[in-house]
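Student:
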Amino acid sequence: MKKAIIGKKVGMTQIFDENGKVIPVTVVEAGPCVVVQKKTVETDGYNAIQVGFGEIREKLVNKPKKGHFAKAGVSLRRTLKEFKLEDIANYNVGDEIKADIFEIGEKVDVSGISKGKGFAGVIKRWNFQRGPMSHGSKFHRAVGSMGASSDPSRTFKNKKMPGHMGAANTTVLNLQVVKIMADKNIILIKGGIPGPNKGTVVIRNSVKA
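Residues 1 to 209 in full-length UniProt numbering are what the sequence shown lists, from first letter to last.
(1) For D151, which three-state DSSP category applies?
(2) CB-CB under 7 Å to G173, same chain, minus the five flanking residues each way: which ones, in chain order?
(3) Can you tell which of E29, C33, K159 has its C-alpha closest to the C-alpha of D95?
(4) Please classify I6 as buried or exposed, where buried requires at least 16 neighbouring CB atoms within 10 angstroms.
(5) Please report how far the alpha carbon of F83 lies from the alpha carbon of P152, in whole angstroms.
(6) Please report the residue range of the beta strand (DSSP E) in which K190 lies.
(7) Between the region 112 to 120 and the region 159 to 173, can you find at least three pairs of beta-carbon atoms closer than 8 Å?
(8) For V10, which residues does DSSP report across the bridge?
(9) Helix, strand or coil for I125, going by three-state DSSP, please let me know.
(10) My guess is that K179 and I104 are in contact by the Cβ rule of under 8 Å, so how many angstroms apart are they, rounded?
(11) Between which two residues does the alpha helix (DSSP H) containing residue 225 stretch?
(12) Could you check what DSSP says for residue 211 in three-state terms: helix, strand or coil?
(13) Return helix, strand or coil for A30, following the three-state DSSP convention.
(14) With a cut-off of 8 Å on the beta carbons, I'd call Q14 and V27 a contact; round off their distance for me.
(15) Give me the Cα-Cα distance between E18 and I187, rounded to the nearest whole angstrom.
(16) Applying the criterion that 16 or more other CB atoms from any shown protein chain within 10 Å of the CB defines a buried residue, is G131 buried or exposed?
(17) Taking Cβ positions only, does E18 come closer than 8 Å to chain B?
(18) With 16 as the cutoff for other CB atoms within 10 Å, does N185 come out buried or exposed?
(19) Identify the residues that DSSP records as bridge partners of G94: which are they?
(20) Given a cut-off of 8 Å on the beta-carbon distance, is the pair I113 and G195 in contact?
(21) Can you tell which of T155, F69, N90, N169 has its C-alpha closest to the C-alpha of G144?
(22) Of the residues Q37, D44, K98, L60, which one's Cα is nearest the Cα of A70?
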């Protein structure tokens, strides 16, 4: 990983390019993030930086975290994440990471927690086909066969069944940075990204670009 930043999903809109073509974009408030801790091979066994994002009231932070922020000499932050960057030599505790670390046209990967859908059946969750809707069938949106009953006398692991849908860590690859408003810490990314509005996301340089 060469560079990364924590942000907050604001919502979606559309912009026009120089040819008048409409581009759907997601607006992300990216940073400013502050370096809270710098980890090295000598002290921790690996190279990484710990980054904080978002303001939080003092009463919502416990004593160990308060001491952690006080040691770094930075204000309290709501979100803490660690990035194993290829080169951390240019980062020091207290440095700010802003939206302008990315460039227009650059490919990025965006990670976040997808929207929770609650308990869902197999048609919604796994795109199963429904049964006949005639009155006599009595089989409409059910799971269907679970497998043989006598041998092996169990349901195989990872069988697609009803259950909790969404609210999972999700990454969308190879999205394009369309516009950067550095003064407002805003990045416009082409297409959709995981999570609801006001959800926390992580933007990294693309691994497959």
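From the three backbone atoms N, C-alpha and C, an ideal C-beta is built for every residue, glycine too.
None of the values given here were measured: they were computed from a predicted structure.
Tutor: In brief:
(1) coil
(2) Rather than Gly, the amino acid found at residue 173 in this sequence is Leu. Cβ within range, chain order: D109, S206, K208.
(3) C33
(4) buried
(5) Those two C-alpha atoms are separated by around 45 Å.
(6) 186 to 190 is the extent of the beta strand (DSSP E) around K190.
(7) yes
(8) According to DSSP, which records beta bridges pairwise, V10 is partnered with nothing at all.
(9) According to the sequence displayed, residue 125 carries Arg and not Ile. Three-state DSSP puts R125 in a helix.
(10) 6 Å
(11) There is simply no residue 225 to check, as the chain begins at 1 and stops at 209 in what is shown.
(12) Outside the shown range of the chain (1 to 209) lies residue 211, about which nothing can therefore be said.
(13) A30 falls in the strand class under three-state DSSP.
(14) Not quite, the Cβ-Cβ distance comes to about 11 Å (not below 8 Å), so this is no contact.
(15) Distance between the alpha carbons of E18 and I187 is about 18 Å.
(16) exposed
(17) Although the question refers to chain B, the structure presented lacks it and comprises just one protein chain.
(18) buried
(19) Its beta-bridge partners do not exist; DSSP assigns none.
(20) yes
(21) T155
(22) Looking only at Q37, D44, K98, L60, the smallest Cα-Cα distance to A70 is reached by Q37.
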